[in-house]
Amino acid sequence: MEEDYETKMIKKYQNDVQKQELKIISNNQLLDLSFVDKLSVNSLTVFSCYNIIFKELPLKVTSLYLNKCKLESITGLEQMIWLKSLNLFENLLSSIDPVKFLVYLNELNLGNNFIADLSPLQPLKHLTILEAFSNNTRCKN
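Numbered per UniProt numbering, the sequence shown spans residues 1 to 141.
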């Protein structure tokens, strides 16, 4: 009998999470991150995985790095209230509205996107590091 997606992913990455961090680097589609909640990780890094669907977000994660994932929306991230560090470098984002709910966020990288309005960051009293270079200057492909 073939294993379901979640079981396969847990087995694939369970040995990598001894340091409580998980790095997924791929040029493939990663459709569902729900398996991450079954692993004991505090930090999740995803590079070059396209079409990410946040079916059941890893809510316990405190550091999330979604670099070069071609994200056009971060709707759903507002549920990850424990995030302290968020890196959204080089995506296709034009809006960061969900970030305003991440009240514990202290580090944020929005570089190389299409963001013109940073006003959603105003409620973030703990934000001490912000990188927002090269926004609204690139051409969308």
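Note that the Cβ used here is the ideal one computed from N, Cα and C, for glycine as well.
Exposed or buried, which one is residue i when buried takes at least 16 other CB atoms within 10 Å?
i, result
"Asn136", "exposed"
"Ile74", "buried"
"Ile129", "exposed"
"Val103", "exposed"
"Glu90", "buried"
Please report the residue range of the beta strand (DSSP E) in which residue i lies.
i, result
"Tyr65", "Ser63 to Asn67"
"Asn87", "Ser85 to Asn87"
"Asn109", "Glu107 to Asn109"
"Glu131", "Ile129 to Glu131"
Any heavy atom of the ligand PLP closer than 8 angstroms to the beta-carbon of residue i?
i, result
"Leu105", "Summarising the ligand content, the structure contains no ligands, and the ligand PLP is consequently not present."
Taking residue i as the reference, which of the options has the closest Cα?
i, options, result
"Ile24", "Tyr65, Glu131, Leu93 and Leu92", "Tyr65"
"Ile96", "Lys60, Val41 and Glu72", "Glu72"
"Ala132", "Leu44, Leu88 and His126", "Leu88"
"Leu127", "Ser85, Ser134, Asn113 and Ser94", "Ser85"
"Glu107", "Glu78, Lys68, Asn113 and Leu124", "Leu124"
Quick check: the Cα distance between residue i and residue j, rounded to an integer number of angstroms?
i, j, result
"Leu60", "Leu83", "Sequence inspection shows Lys at residue 60; the Leu mentioned does not correspond to that position. Approximately 8 angstroms between the Cα atoms of the pair."
"Val36", "Val46", "12 angstroms"
"Ile115", "Asn109", "12 angstroms"
"Leu121", "Val99", "7 angstroms"
"Leu92", "Thr62", "23 angstroms"
"Asn42", "Leu22", "8 angstroms"
"Phe101", "Leu39", "25 angstroms"
"Gly111", "Cys69", "13 angstroms"
"residue 148", "Gly76", "Within the shown structure, residues of the chain are numbered from 1 to 141, placing residue 148 beyond reach of any answer."
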